[in-house]
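Asks: In terms of the numbering used here, the sequence shown opens at residue 3 and continues consecutively.
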Amino acid sequence: MSTPENLAYLPCLSWKLLDKVDLEENARNYEALQQPTTRKEERALGRIEEMLLDGLPLTHSTESESLNTIQNSAIKPAKVLPEGKLTHTLPLDESLGLDEYAFTSWGDMHRHSIYGSSTLLLCTEKILLSDETIASPYDITLHIDAESNLPYDELNKMNTKHLETYLQTLVTGERWLEITARKALEIALKGTVPVISHTKLNTGEIKHKGAIDSAHIQGVLLTEDDYRAAQNEMLRNGFMAGPLNSLTKLYGHIPAEYEANLKRAKRIWRKVVDLAGH
């Protein structure tokens with residue numbers, strides 16, 4: 003089969019592009035992993051990794067009517083779902099082999115009407131550190147827009163370049179943990195509590211090849227009270243949810259119910275900064 007003209011400049015082209023991605027080479031190209039660190043900073047980074055694994059759950063949004071099925075089975079990739087089941091997997095995802103992955107976010111305590119009003123809280127360590135997990139800073143469809151409804155070999159030249167860039171961001175879950183910890187330390191050194199958002203501490207998109215067993219589900223958010231409680235617990239563990247940060251900026255101060263945990267979060271990060279020798 004000949005290579006489509008518009009993909010002639012995409013190296014390592016394969017009908018399973020993900021199989022051709024060198025995840026370790028990608029990791030070496032991340033600026034965060036290129037920065038030298040002191041022995042004290044390494045200890046601080048180890049502490050931050052513990053905080054990320056223990057205090058920041060992976061999340062998966064779904065429709066309420068799907069909860070029972072998932073809780074009794076697994077979060078399944080689109081490829082193995084029953085025919086006709088509504089998914090958000092697009093032809094571009096399928097052509098890349100991403101329909102074989104179950105998708106999660108990390109610390110996204112926000113109700114997403116497009117994906118479903120319920121959010122599952124998942125065990126970060128079991129999933130993120132799995133050999134079957136890869137991560138990227140963003141969803142490829144954020145940069146390709148309308149052409150997401152096309153397989154990758156039909157993308158125009160500009161979107162093929164976007165795809166190439168995306169593939170170069172993919173790393174293992176373990177490496178993504180290291181990258182995220184380093185970015186969190188950088189934020190903490192500026193004297194602020196890390197905010198989980200695309201523009202602050204970007205925790206990216208986490209993709210697990212194959213189903214995520216229901217044994218890894220740690221909780222479910224259904225009501226607004228559930229989401230507020232989850233955001234408060236997240237703050238208690240040292241991380242501010244994006245929606246809470248937006249609310250704080252809107253009112254000029256954090257709502258009273260979060261004040262105690264904000265103070266706690268600041269203390270946690272001051273200790274981390276001290277541990278780093280700064």
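Beta carbons are placed, not taken as given, at the ideal position from N, Cα and C, and that holds for glycine.
Residue ranges of each alpha helix (DSSP H) run of no fewer than 4 residues wholly in the segment 29-110, ordered along the chain?
Replies: Qualifying alpha helix (DSSP H) stretches, in chain order: 33-36, 41-57, 69-73, 93-98.
Asks: In the DSSP assignment, find the unbroken alpha helix (DSSP H) run with T135 in it and report its ends.
Replies: Along the sequence shown, one-based indexing puts residue 135 at 133. Note, T135: premise wrong, no alpha helix (DSSP H); beta strand (DSSP E) at 135-138.
Asks: Straight-line CA distance for R184 to A243?
Replies: For the purposes of this step, residue 184 is taken as the residue at position 182 of the sequence shown. For the purposes of this step, residue 243 is taken as the residue at position 241 of the sequence shown. So the two alpha carbons sit approximately 19 Å from each other.
Asks: Tell me where the alpha helix (DSSP H) around K2 begins and ends.
Replies: Residue 2 cannot be examined here, being either before or after the span of the chain that is shown, 3 to 280.
Asks: Could you check how far apart the C-beta atoms of A137 and G193 are, in whole angstroms? I think they sit under 8 Å.
Replies: Reading the sequence shown from its first residue, position 135 is the one you call residue 137. Reading the sequence shown from its first residue, position 191 is the one you call residue 193. Rounded, the Cβ-Cβ distance is 28 Å, inconsistent with contact.
Asks: Using the beta-carbon count (16 or more within 10 Å), is V82 buried or exposed?
Replies: As a first step, residue 82 is located in the sequence shown; it is residue number 80 there, counting from the start. With fewer than 16 other Cβ atoms within 10 Å, it is exposed.
Asks: Would you kindly work out how many angstroms separate the C-alpha atoms of Q37 and L237, rounded to a whole number?
Replies: One-based indexing of the sequence shown puts residue 37 at position 35. One-based indexing of the sequence shown puts residue 237 at position 235. If I take the Cα positions, the gap works out to 28 Å.
Asks: Do Q170 and N28 count as a contact pair if the criterion is CB distance below 8 Å?
Replies: As a working mapping, residue 28 is identified with position 26 in the sequence shown. As a working mapping, residue 170 is identified with position 168 in the sequence shown. Yes.
Asks: What residue from T167, L130, P245 has the CA that sits closest to A113's CA?
Replies: Within the sequence shown, residue 113 is the residue found at index 111, counting from 1. Note on identity: in this sequence residue 113 is Arg, with Ala being the wrong assignment. When each option's Cα is compared against that of R113, the closest is P245.
Asks: Could you name the residues of the same chain whose beta carbon sits closer than 7 Å to that of S216, not counting the 5 residues immediately before and after it, in chain order?
Replies: For this step, residue 216 is matched to residue 214 along the sequence shown. Once the five neighbours on either side are set aside, the close Cβ partners of S216 are I72, Q73, N74, S75, A76.
Asks: Quick one: what does DSSP say I142 is sitting in, helix, strand or coil?
Replies: Looking up residue 142 in the sequence shown gives position 140. DSSP places I142 in coil when its eight states are reduced to three.
Asks: Rank T162, G109, L172 by C-alpha distance to the C-alpha of T135 and give the top, closest one.
Replies: Along the sequence shown, one-based indexing puts residue 135 at 133. Answer by Cα proximity: L172.
Asks: Where S119 and S66 are concerned, what is the direct C-alpha to C-alpha distance, given to the nearest angstrom?
Replies: Stepping through the sequence shown from its first residue, residue 119 is reached at position 117. Stepping through the sequence shown from its first residue, residue 66 is reached at position 64. Rounded to whole angstroms, S119 to S66 spans 7 Å at the Cα level.
Asks: For I129 versus I219, is the C-beta distance shorter than 8 Å?
Replies: Taking the first residue of the sequence shown as position 1, residue 129 is located at position 127. Taking the first residue of the sequence shown as position 1, residue 219 is located at position 217. In this structure, I219 does not lie closer than 8 Å to I129 by Cβ.
Asks: Mapping DSSP to helix, strand and coil, what is K192?
Replies: Along the sequence shown, one-based indexing puts residue 192 at 190. Residue state, collapsed to three classes: coil.
Asks: May I have the straight-line CA-CA distance separating K251 from E102, to the nearest angstrom?
Replies: Taking the first residue of the sequence shown as position 1, residue 251 is located at position 249. Taking the first residue of the sequence shown as position 1, residue 102 is located at position 100. Answer to the nearest angstrom: the Cα atoms are 39 Å apart.
Asks: Helix, strand or coil for D215? Go by DSSP, reduced to three states.
Replies: Here residue 215 is taken as the residue at index 213 of the sequence shown, counted from 1. Three-state DSSP puts D215 in a strand.
Asks: Using 8 Å as the threshold, is the C-beta distance between L94 and T143 below it?
Replies: By one-based count along the sequence shown, residue 94 stands at place 92. By one-based count along the sequence shown, residue 143 stands at place 141. Cβ distance < 8 Å, so L94 and T143 count as in contact.
Asks: Quick check on H164: does DSSP put it in helix, strand or coil?
Replies: Translated into the one-based positions of the sequence shown, residue 164 becomes position 162. Reduced to three states, the DSSP call for H164 is helix.
Asks: Where DSSP assigns a beta bridge to R201, which residues make up the other side?
Replies: Here residue 201 refers to the residue found at position 199 of the sequence shown. In the sequence as displayed, the identity of residue 201 is Thr instead of Arg. Looking at the DSSP assignment, T201 forms no beta bridge with any residue, so it has no partner.
Asks: Evaluate the contact criterion for the segment 153-164 versus the segment 247-266: three or more CB pairs, one atom per stretch, below 8 Å.
Replies: Cβ pair count under 8 Å is below three, so no.
Asks: Compare the Cα-Cα distances from A34 to each of N234, L47, K163 and report the closest residue.
Replies: Translated into the one-based positions of the sequence shown, residue 34 becomes position 32. Closest by alpha carbon: L47.
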